[in-house]
């Protein structure tokens, strides 16, 4: 049986190419972060859809992914609204 859950740890596939010979970098990380909420919902029903590219170049991919998540969530718009309520 294929393991479905794993523990956090080092990504052994970092800096290794995928089956197409590509390594995901900043721009692909940004895109994956932007579509992460939708990809997560789809991944609940489809086994071949993932949220995060394991064949990535490390820190730049992660930076793009987190930035994309922040943009998808609306950036710091929520923080500004709370500050305005206090004034």
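Residue numbers (my numbering): -17 to 69. Even for Gly, the Cβ is constructed at its ideal location relative to N, Cα and C.
Is it the case that the Cβ atoms of residue 18 and residue 47 are separated by a distance below 9 Å? yes
For residue 10, count the other beta carbons within 10 Å of its own beta carbon; 16 or more makes it buried, fewer makes it exposed. Which is it? buried
Determine the direct distance from the alpha carbon of residue -3 to that of residue 25, and round the result to whole angstroms. 24 Å
Residue closest to residue 73, alpha-carbon to alpha-carbon, out of 55, 44 and 56: An answer regarding residue 73 cannot be provided, because it is not within the stretch -17 to 69 covered by the chain.
Residue 7 versus residue 1 - alpha carbon distance: 16 Å
Are residue 30 and residue 5 closer than 9 Å when you measure CB to CB? no
What residues in its chain sit with their C-beta under 8 Å from that of residue 15, if we drop five residues either side in the sequence? 46, 47, 48, 49, 50, 51, 52, 53 and 54
Roughly how many angstroms separate the alpha carbons of residue -1 and residue 41, rounded to a whole number? Whole-angstrom Cα-Cα distance: 16 Å.
In angstroms with no decimal places, state the Cα-to-Cα distance between residue -17 and residue 57. Caution is warranted here: a pLDDT of 45 is assigned to residue -17, below 50, making its placement in the model unreliable, and no coordinate value can be reported.
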